[in-house]
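Number of protein chains: 2
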Amino acid sequence: MAQGTLLYAQSGGVTAVINATASAVIQAARTRQVRVLAARNGILGALREELIDTSKESIATIRALAHTPGGAFGSCRVKLKSLEEDRAKYERLLEVFRAHDVRYFLYNGGNDSADTALKVSRLAAEYDYPLTCIGVPKTVDNDLAVTDCCPGFGSAAKYTAVSIREAALDVAAMAETSTKVFVYEAMGRHAGWLAAAAGLAGADRDAAPHLILFPERPYVEADFFARVRETVERVGYCVVVASEGIQTADGRFVADAGGGQDSFGHTQLGGVASYLAGRVKDGLGYKVHWTLPDYLQRSARHLASKTDLDQAQAVGRKAVEYALKGMNAVMPVIVRSSDAPYRWKIEPAPLEKIANREKKMPAGFIRRDGYGITPAARRYLEPLIRGEAPPPYGRDGLPKYVSPKNAMVRKKLADTSTQ
Amino acid sequence: MAQGTLLYAQSGGVTAVINATASAVIQAARTRQVRVLAARNGILGALREELIDTSKESIATIRALAHTPGGAFGSCRVKLKSLEEDRAKYERLLEVFRAHDVRYFLYNGGNDSADTALKVSRLAAEYDYPLTCIGVPKTVDNDLAVTDCCPGFGSAAKYTAVSIREAALDVAAMAETSTKVFVYEAMGRHAGWLAAAAGLAGADRDAAPHLILFPERPYVEADFFARVRETVERVGYCVVVASEGIQTADGRFVADAGGGQDSFGHTQLGGVASYLAGRVKDGLGYKVHWTLPDYLQRSARHLASKTDLDQAQAVGRKAVEYALKGMNAVMPVIVRSSDAPYRWKIEPAPLEKIANREKKMPAGFIRRDGYGITPAARRYLEPLIRGEAPPPYGRDGLPKYVSPKNAMVRKKLADTSTQ
Numbered sequence: 001m002a003q004g005t006l007l008y009a010q011s012g013g014v015t016a017v018i019n020a021t022a023s024a025v026i027q028a029a030r031t032r033q034v035r036v037l038a039a040r041n042g043i044l045g046a047l048r049e050e051l052i053d054t055s056k057e058s059i060a061t062i063r064a065l066a067h068t069p070g071g072a073f074g075s076c077r078v079k080l081k082s083l084e085e086d087r088a089k090y091e092r093l094l095e096v097f098r099a100h101d102v103r104y105f106l107y108n109g110g111n112d113s114a115d116t117a118l119k120v121s122r123l124a125a126e127y128d129y130p131l132t133c134i135g136v137p138k139t140v141d142n143d144l145a146v147t148d149c150c151p152g153f154g155s156a157a158k159y160t161a162v163s164i165r166e167a168a169l170d171v172a173a174m175a176e177t178s179t180k181v182f183v184y185e186a187m188g189r190h191a192g193w194l195a196a197a198a199g200l201a202g203a204d205r206d207a208a209p210h211l212i213l214f215p216e217r218p219y220v221e222a223d224f225f226a227r228v229r230e231t232v233e234r235v236g237y238c239v240v241v242a243s244e245g246i247q248t249a250d251g252r253f254v255a256d257a258g259g260g261q262d263s264f265g266h267t268q269l270g271g272v273a274s275y276l277a278g279r280v281k282d283g284l285g286y287k288v289h290w291t292l293p294d295y296l297q298r299s300a301r302h303l304a305s306k307t308d309l310d311q312a313q314a315v316g317r318k319a320v321e322y323a324l325k326g327m328n329a330v331m332p333v334i335v336r337s338s339d340a341p342y343r344w345k346i347e348p349a350p351l352e353k354i355a356n357r358e359k360k361m362p363a364g365f366i367r368r369d370g371y372g373i374t375p376a377a378r379r380y381l382e383p384l385i386r387g388e389a390p391p392p393y394g395r396d397g398l399p400k401y402v403s404p405k406n407a408m409v410r411k412k413l414a415d416t417s418t419q
Numbered sequence: 001m002a003q004g005t006l007l008y009a010q011s012g013g014v015t016a017v018i019n020a021t022a023s024a025v026i027q028a029a030r031t032r033q034v035r036v037l038a039a040r041n042g043i044l045g046a047l048r049e050e051l052i053d054t055s056k057e058s059i060a061t062i063r064a065l066a067h068t069p070g071g072a073f074g075s076c077r078v079k080l081k082s083l084e085e086d087r088a089k090y091e092r093l094l095e096v097f098r099a100h101d102v103r104y105f106l107y108n109g110g111n112d113s114a115d116t117a118l119k120v121s122r123l124a125a126e127y128d129y130p131l132t133c134i135g136v137p138k139t140v141d142n143d144l145a146v147t148d149c150c151p152g153f154g155s156a157a158k159y160t161a162v163s164i165r166e167a168a169l170d171v172a173a174m175a176e177t178s179t180k181v182f183v184y185e186a187m188g189r190h191a192g193w194l195a196a197a198a199g200l201a202g203a204d205r206d207a208a209p210h211l212i213l214f215p216e217r218p219y220v221e222a223d224f225f226a227r228v229r230e231t232v233e234r235v236g237y238c239v240v241v242a243s244e245g246i247q248t249a250d251g252r253f254v255a256d257a258g259g260g261q262d263s264f265g266h267t268q269l270g271g272v273a274s275y276l277a278g279r280v281k282d283g284l285g286y287k288v289h290w291t292l293p294d295y296l297q298r299s300a301r302h303l304a305s306k307t308d309l310d311q312a313q314a315v316g317r318k319a320v321e322y323a324l325k326g327m328n329a330v331m332p333v334i335v336r337s338s339d340a341p342y343r344w345k346i347e348p349a350p351l352e353k354i355a356n357r358e359k360k361m362p363a364g365f366i367r368r369d370g371y372g373i374t375p376a377a378r379r380y381l382e383p384l385i386r387g388e389a390p391p392p393y394g395r396d397g398l399p400k401y402v403s404p405k406n407a408m409v410r411k412k413l414a415d416t417s418t419q
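Quick note, the sequences are listed as chains F and W, same order.
Numbering follows UniProt numbering, in which position 124 of the first sequence is assigned residue number 124; successive positions increment by one, without gaps.
Numbering follows UniProt numbering, in which position 117 of the second sequence is assigned residue number 117; successive positions increment by one, without gaps.
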């Protein structure tokens, strides 16, 4: 039996397949007879010594996590600061790890989490505490450095492309007497990866989406209006995909223009799609509809990409393998060796090359006119949404998602958490 | 070979399975060697003599319509008025029918369409023109009289319940440090059928959706706030489903409160979910997110209910059978003979019992406190979302939806359409 306990924690926004990573981690560790604890609500649980004993879960439950969206053990949006600023918290983490003989720390998140894992590994070295820290990639934003793509993104991308293809058929059927412009708001505050994925829904100029608005390009209303009008006149309707993070040329978020307060001082929660829809209605006189899928786009496990699921599980298995080999401060990343046929493998990459960095979308992925994707983007994106991996459904017509028992291990420390 | 041509037209908002009805109509008619024309953009095409020759479509395309959302021949939101007011249009329809030897008119829509089909049949009788008119049911609103349920509703209902179940797992995972209240806006201006379907996602008190707001019950903010707070304190988060048609006690649509114009005179397209989210944020201080799925909920063929698909095809087949038997002015309706096991059959019902009527949700379907569904609602709704019927997917990871060629037949009349 391998020595020490493995602690797994989820971090940041959850995805359709982060639990598939958790499932793979726990199964791989069980095979090697390594005990796995899971932090309740991410790093908060580690700080509070709220640790879930995954050995209390049946193998059926652990397997079913592979088809269950959300974050089974809870996640959180808490970023530790520098070792200097948050030293007490980092030391508390080590104290908790020591109390539970945690020798492997797997932190499943984005670039913030990679940074935290890296800092914890440094502090452990400073204190001569034998700990192997592994960052495990996850984010629908697809903005992690080094890795070719991020588990979670492919499924959200598939949701986006399929939803656009379906809604466009609806709009097309009704356009003569009803909605002429349809606006879809995609997640992506800093990079237009999900908006770009919508481009997979249609290959030629007349196919939806007709216009994609990227945060990488300034939003210029007059130009946008001209293109909407031209599209409606040519095609009969216009399907627009807007990244939530689009900005005007002077750097203001368009979403903020749509929100604010009404004349009674009430909060108006706007968003990009509702703002653009209102402007198009006022400026061009077309009937508009819009959608804000919000969390639906990142939790739609029913429409997961098989490629994405496979990769989410592969990084989980590899994370355990690296941990037990003592490969400290690395992340299992996805390396693409070929577009067609699509081939990928998992390799270790140092956390310091990933922590706090952000992968931008290559300029060559956005069409010269700024409103669509290029063949290069298509070559990159298309394999990521390939394949279906539906969950099992019950007799009641609903997916059979599981909720683990999440039994806590007994605390060993005084409750002096800094959280 | 049967005499005369069959004209099929789609009407009103399209659904995930209205093309499945079209597919069944065309296949049933082909089997009986009856020629099928389809009106381009619904009744508009009939008025303009824009008629699609479905014999130009391959059997593969016609079959593929069964898994393609939207309205393959186009639909429209045009309601003919009374025979007196719109007599010229009704006469024009007969003129077009006569020119193309149309002896069977199948109008696939809601209660307005049933009314139009009934009026056309009366005018034909008045002119001694031999015509059999059949209303074919379709609406995600589930508000047609007589029929137990409406093709299109079951799939939208399944989309709603699955989306709530998935999003709730996301919210639950993040609630401690992020979103505590999530609001989902469901279609349903007059009746809360789709909002009620969300209730299928969770069976016990602590399961999402925690609160459903029905248009059948007045919206009282103070009471709603109290329940949101109580839910967040008890469960940790609160998932709300709001019907777009909810109204205050004095009969004003809540959605209108969220819209209007901003201080610059710009249109603010609000909606119920964004309004409620803003109010909850201001009034209770919780972090909120909301979603407006809009057309996604009625075009999500990828998540269609098998029951709904079967019924959409069955009403199409029966409509042809009734037409060829000369059963004039009827609609094939779904009759439920048993909840468990769920059993149903198709029977003809007179259009005059359906035209312009609206089926309300039974009072016994809404929980006494007004915020959830009853066991009776569950018994009614659950079979309707049962079974999966995914479309085939291509190598590119996208559903293989088809677009028919829609070749028009040559016009025979002068272009004197009143439209």
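Beta carbons are placed, not taken as given, at the ideal position from N, Cα and C, and that holds for glycine.
Under 8 Å, Cβ to Cβ, is there at least one residue of chain F near residue i?
i, result
"N142 of chain W", "no"
"N41 of chain W", "yes"
"V14 of chain W", "yes"
"S113 of chain W", "no"
"T116 of chain W", "no"
"S299 of chain W", "yes"
"P375 of chain W", "no"
"E321 of chain W", "no"
"H210 of chain W", "no"
"F182 of chain W", "yes"
"Y219 of chain W", "no"
"V162 of chain W", "yes"
"T291 of chain W", "yes"
"Y380 of chain W", "no"
"S305 of chain W", "yes"
Which whole-angstrom value is the C-beta distance of residue i and residue j, which I expect to be below 8 Å?
i, j, result
"I385 of chain W", "T374 of chain W", "With a Cβ gap of about 17 Å, I385 of chain W and T374 of chain W do not count as contacting."
"L106 of chain W", "V136 of chain W", "5 Å"
"I246 of chain F", "L213 of chain F", "5 Å"
"K412 of chain F", "H100 of chain F", "7 Å"
Would you please verify whether the beta carbon of residue i is less than 8 Å from any beta carbon of chain W?
i, result
"F253 of chain F", "no"
"A329 of chain F", "no"
"P404 of chain F", "no"
"G188 of chain F", "no"
"K158 of chain F", "yes"
"G397 of chain F", "yes"
"L200 of chain F", "yes"
"G387 of chain F", "yes"
"D294 of chain F", "yes"
"H100 of chain F", "no"
I'd like to confirm something about residue i: is its beta-carbon nearer than 7 Å to some heavy atom of the ligand ADP, or not?
i, result
"E352 of chain W", "Looking at this structure, you won't find the ligand ADP or any other ligand, since it has none at all."
In the DSSP output, which residue or residues are listed as bridge partners for residue i?
i, result
"E185 of chain F", "F:A242"
"K359 of chain W", "Looking at the DSSP assignment, K359 of chain W forms no beta bridge with any residue, so it has no partner."
"S338 of chain F", "F:R343"
"A175 of chain W", "DSSP, once it has assigned bridges, lists no residue as partnering A175 of chain W."
"G278 of chain W", "According to DSSP, G278 of chain W bridges with nothing at all."
"R35 of chain W", "W:T5"
"G109 of chain W", "W:P137"
"V315 of chain W", "V315 of chain W is not bridged to any residue."
"M331 of chain W", "W:A349"
Could you pull out every unbroken alpha helix (DSSP H) segment of at least 4 residues lying fully inside the segment 200-255 of chain W, listed in chain order? 221-235
Looking at chain W, which residues of the segment 69-92 of chain F have a Cβ within less than 7 Å of any of its Cβ atoms? P69, G70, G71, G74, S75, C76, R77, V78
Please give me, in chain order, every unbroken run of the alpha helix (DSSP H) with length at least 4 that falls completely inside the segment 56-93 of chain W. 59-64
Which residues, in chain order, does the segment 165-176 of chain W contribute to contact with chain F at a C-beta distance below 9 Å? R165, E166, A167, A168, L169, D170, V171, A172, A173, M174, A175, E176
If contact means a Cβ-Cβ distance below 7 Å, which residues of the segment 341-359 of chain F contact chain W? none
Against chain F, which members of the segment 44-69 of chain W pass a CB distance test of less than 8 Å? L44, T68, P69
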